[in-house]
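A short write-up of the structure that comes next.
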Amino acid sequence: MKKKTAKRCAPKRKAAPKRKAPAKRKVAKRKPAKKKVVKKTAAKKKKDELAAMKKKANKALKDAKKKFMAAEKKAKKYVAKHPEQAALIGAAVGAAIGAGLSIALKRGKKKK
Numbered sequence: 007m008k009k010k011t012a013k014r015c016a017p018k019r020k021a022a023p024k025r026k027a028p029a030k031r032k033v034a035k036r037k038p039a040k041k042k043v044v045k046k047t048a049a050k051k052k053k054d055e056l057a058a059m060k061k062k063a064n065k066a067l068k069d070a071k072k073k074f075m076a077a078e079k080k081a082k083k084y085v086a087k088h089p090e091q092a093a094l095i096g097a098a099v100g101a102a103i104g105a106g107l108s109i110a111l112k113r114g115k116k117k118k
């Protein structure tokens, strides 16, 4: 039998300790659900504001109708009492509107 001979090898070096990978930073991601909630509340606020504006507009419209009806009644009474003056006032208002329209139309033709 043959003798086993020991092989001469360089002494084994200890392996360097393995470095740990740098810890990843945890970045807080925004959740889309929160964005949707914000959008919903903003939309709800807009709807509420719109509803409030509609209420105010309707109230103003009702007040204007009441005032117009009162003015119409007063005008009818005045016309019944003073028919000649009412006719003259109507003619003057019509003439003023007609003159204004004719001036506006003449200026419109010159611009072209």
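The numbering of the sequence shown is this note's numbering, which starts it at 7 and goes up by one. Ideal placement from N, C-alpha and C gives every residue a C-beta, glycine not left out.
So Y84 and A77 are supposed to be a Cβ contact under 8 Å. How far apart are they, rounded? As a working mapping, residue 84 is identified with position 78 in the sequence shown. As a working mapping, residue 77 is identified with position 71 in the sequence shown. Actually they are not in contact, since the Cβ atoms of Y84 and A77 sit about 10 Å apart, beyond 8 Å.
In whole angstroms, what is the alpha-carbon distance linking K68 and K51? Locating residue 68 in the sequence shown gives position 62, counting from the first residue. Locating residue 51 in the sequence shown gives position 45, counting from the first residue. Cα-Cα distance, rounded: 26 Å.
If you reduce the DSSP assignment to three classes, tell me which class R113 lands in. The count along the sequence shown starts at 1 and reaches residue 113 at position 107. Here R113 sits in helix by DSSP.
Just the C-alpha distance for A29 and K62, rounded to the nearest angstrom, thanks. What you label residue 29 is simply residue 23 of the sequence shown in a count that begins at 1. What you label residue 62 is simply residue 56 of the sequence shown in a count that begins at 1. Roughly 60 Å separates the two Cα atoms.
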